[in-house]
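Single-structure report; data block below.
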Amino acid sequence: MRVLSVSVLALALGFPLAADASSDDLKAGVAGAGLARAKCLLCHEAGHITRIRQSRAAWEDTVDLMIRRGAPVSPEERDVILDYLVTHYGENSTAP
Amino acid sequence: MIQKTTPAPEQENRGQVDQGRRQFMERVGQAGMLTVAASPLLGARVLAQPAAVPPPAAPPGAVAIATVMADKDPVVKVLTERPLTASPTAEFLHDEVTPTARLFIRNNLLTPDLDASVHKLRVTGLVDRPLDLTLEELQRRFPNVTLQAMLECAGAGRTAFNPTPRGTPWPPTGGLGCPNWTGVRLKDVLAAAGVKSNAVHVAFLAADFGELPTAPPVVRSIPLSKAVEPNTLLAWGVNGAPLPKVHGYPLRALVPGWVGSASIKWLVGIEVLDAPFKGTYMDDSYRMPAYPVAPGERMPKETVHTEAWPVKSIITHPSPGATFRPGEPVMIAGRAWAGDFDVDRVEVSLDEGITWHRARLTRPRDKYAWRLFSYEWEPRKRGYVTALARARDAKGNVQPIVGQWNPLGYYWNGIHRVGFSIES
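See below:
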C-alpha cells in the first residue's frame, strides 16, 4: 500500500506520525463495512473516524458535510454508511 | 528547496480543466452564486483528475507528505495525513519568532506543487480595473512589507474541549504560531483595482485540489474592513525565505489575528463581492453558534462566521514535567495575543488560581505579533506545582478557565496549565 510506504519512509526520516494516523483501520466484516471503507477511505485515513465517538445526529452532520464536499455517495449508500458509523463509532461504542 | 518531480496540475491535467470548471460552475450555480459563476477568476481554477483507489501517496501535481515533513522539526507531530495536519505543542513554541520548521500545518486538501514562474493572481469582481498579476509584478508594483503576525487555526486546541468535537485533533496548545511574513498589503492591491462602492466582502480563491475531482475549491471571504486593514497581506515569504510549498507557495493571504481559514494558501484569485461568499468553507464549517450551547449539542440554526480569535495565552516555559530545586528561581514564561485587540496584561498563578501575580509583558513588535510574558518565581519547598497563565485584552476580556464549548470545536482559549516539580 502506498499509504503504508509513506509511513515507513516517515519513520526512516525520523519524524513522527501520530499513532492513529495510519496504523489503524475501519472495522471490517460487518454490515456496511465494505461501503464505508470504499467511500470514506477514498480521501481519509481511518483515524479520522476511529478516534471519534459521536451521536447519530453528529454523524449525520458529518456524512452530509462529506457529501457536500464531494463524496460520491448516493442517498441509499448514505443511510448504510450512517448505520455503520453509529453502530461502531457511536457515542456509546467501545474502542474498535 | 523541494525539487519538483511531478508536473504541475496546470500541465498535467489540461484535459480536465474544462470538465472541472463546468462541475464547479454547476455547484456554484446551485448555490446561487451568480457573481462568482460569472467570474473570470474561475479560469485559474484547476481541479485534479480522479484518484486511483486506494489513492497514491502523492497524486500528480501534489507534494508527498514525506517531502513536506522532511523540512519540519521532529517536534512537529503529524496529527492526520489525509488531509495533512501537524503541530508542535507549547513547550516547543518558546522562540520569539516561530521558526518555519516549527510552524503548524493545516491543509484542507492536498499540497499543490505550484510553479512560481507561471503563477498569476487575478483580482476581479466589484472593481473598476480587474488585475492579472504575475508574482514578480505583484512584488515590483506594490510596497513590500515584513511583519510578525499570528496564524492560528480556528480549531486550535480543540482536544481540550469535552466532549472533543470532530475535526483536526489539535493538542490544547497546538495549531498556532507567529512567524515573520513578507508580502504586499492587500489594501494597496485593492486600491490599484479600484473597489466599487457596493463592495462588502473580499473572497480568496485557492489552487489546492482534492483526491476527487468533486472536491469543491477552498474559498473564504472576509469583510472589506478587515481586507483593507494595513496588516492584512498577500504574502510570498516567511522568515526571510519563500513560503514552503505546504504553507502556500508561491502566494497566500495572511489575515492576522483571525482564524487561519481566512489566510488562504496557494492564492490564485481575489474577488470583491457585495455579500459574504457562499460555499462549504464559509457555511458548513468555520461557524459558531450565535449563542452558547450545551456541550454535545447540535449546531443551532443561528450561526455566525468565525473571525478574530479571542484573547489567549500559552506557557512555553517550563516544559511539562520539568524539575527544579528549592531556592532556584523558575521563570514562568509564555506568549499572549488577542485577535484584533491588544493584550493588556498577563497574570500567573502557582496555587491553582487562589493568588495571581502580574507578569512582565514585552511590547509587541507589530500589532498582530504575540507578546512575551514572564514571571520569576522562587520555590521554597519541594513538591508538585501547577503554573497557570491568564491574559486580559485592552477591552477587558479575560481568558476563561474553560473555553466555551461549540459543536465544531473552535476558539479554545481556556487557561493553559503546566505542571512541574521542585525536588530537593
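If you're matching them up, the sequences are chains H and W in order. Under the working numbering, the first residue of the first sequence carries the number 19, and numbering increases by one thereafter. Under the working numbering, the first residue of the second sequence carries the number 1269, and numbering increases by one thereafter. Cβ coordinates follow ideal geometry from the N, Cα and C atoms, glycine included.
| query | result |
| --- | --- |
| CB-CB under 8 angstroms to VAL1506/W, same chain, minus the five flanking residues each way: which ones, in chain order? | THR1368, LEU1371, PRO1447, ASN1448, TRP1449, THR1450, PRO1512, HIS1515 |
| Expressed to the nearest angstrom, what Euclidean distance is found between the alpha-carbon atoms of ARG1397/W and ASN1466/W? | 15 angstroms |
| Please give me, in chain order, every unbroken run of the beta strand (DSSP E) with length at least 3 that falls completely inside the stretch 1317 to 1386 of chain W. | 1345 to 1348, 1353 to 1355 |
| In chain W, which residues lie with their C-beta within 7 angstroms of the C-beta of ILE70/H? | ARG1434 |
| Rounding to the nearest angstrom, what Cα-Cα distance links GLY1463/W and VAL1540/W in this structure? | For clarity, residue 1463/W is Val in the given sequence; the question names Gly instead. Taking the straight line joining both Cα atoms gives about 7 angstroms. |
| Please work out which residues of its chain come closer than 6 angstroms, Cβ to Cβ, to LEU1399/W, disregarding the five sequence neighbours upstream and downstream, and give them in chain order. | VAL1391, ALA1461 |
| Can you tell me where the beta strand (DSSP E) with LEU1473/W in it begins and where it stops? | 1469 to 1474 |
| By the three-class DSSP mapping on this structure, what secondary structure does LEU1419/W have? | strand |
| Between PRO1437/W and chain H, is any beta-carbon pair separated by less than 8 angstroms? | yes |
| Please give me, in chain order, every unbroken run of the alpha helix (DSSP H) with length at least 4 that falls completely inside the stretch 49 to 97 of chain H. | 51 to 58, 65 to 68, 74 to 86 |
| Taking a Cβ distance cut-off of 7 angstroms, strictly less, list which residues of the stretch 1337 to 1366 of chain W are near chain H, in chain order. | MET1337, ALA1338, LYS1340, PRO1342, LYS1345, VAL1346, LEU1347, THR1348, GLU1349, ARG1350 |
| By the three-class DSSP mapping on this structure, what secondary structure does ASP1661/W have? | strand |
| With three or more C-beta pairs closer than 8 angstroms as the rule, is the stretch 1589 to 1598 of chain W touching the stretch 1559 to 1576 of chain W? | no |
| Using 8 angstroms as the limit for Cβ to Cβ distance, is LEU1458/W near chain H? | no |
| Could you have a look at SER1642/W and say whether DSSP puts it in helix, strand or coil? | strand |
| What three-state label does DSSP hand ALA1521/W in the structure shown? | strand |
| Would GLY1607/W pass as a contact of TRP1645/W if the rule is Cβ separation under 8 angstroms? | no |
| Quick one: what does DSSP say VAL1457/W is sitting in, helix, strand or coil? | helix |
| Less than 8 angstroms between the CB atoms is what I'm expecting for ALA1503/W and LEU1522/W, so what's the real figure, rounded? | 5 angstroms |
| Give the residues of chain W in contact with ARG87/H, contact being defined as C-beta atoms less than 7 angstroms apart. | ALA1483, PRO1484, THR1548 |
| My output table needs one value for LEU103/H: the three-state DSSP class, helix, strand or coil. | helix |
| Can you grab the Cα-Cα spacing for the pair THR1357/W / LYS1345/W, in whole Å? | 9 angstroms |
| Is the shortest distance between the beta-carbon of GLU1719/W and the beta-carbons of chain H less than 8 angstroms? | The requested residue 1719/W does not occur in the structure, where chain W is confined to residues 1269 to 1692. |
| When Cβ atoms are compared, which residues of the stretch 80 to 113 of chain H fall closer than 7 angstroms to chain W? | THR80, LEU83, ARG86, ARG87, GLY88, PRO90 |
| Is the CB-CB distance between VAL1686/W and THR1654/W below 8 angstroms? | yes |
| Residues in the same chain with beta-carbon distance under 6 angstroms from GLY1442/W, minus the five sequence neighbours each way, listed in chain order, please. | SER1355, THR1357 |
| Does ALA49/H come within less than 8 angstroms of chain W when only Cβ atoms are used? | no |
| Within 10 Å of its beta-carbon, does PRO1518/W have 16 or more other beta-carbons around it, so buried, or fewer, so exposed? | buried |
| Does any C-beta atom of chain W lie closer than 8 angstroms to the C-beta of LEU53/H? | no |
| Comparing C-alpha positions only, which one of ILE1690/W, ARG1453/W, PRO1668/W sits nearest to LYS1580/W? | PRO1668/W |
| Between the C-alpha atoms of ASP1542/W and LEU1492/W, what's the straight-line distance to the nearest angstrom? | 10 angstroms |
| Between which two residues does the beta strand (DSSP E) carrying GLU1539/W extend? | 1535 to 1541 |
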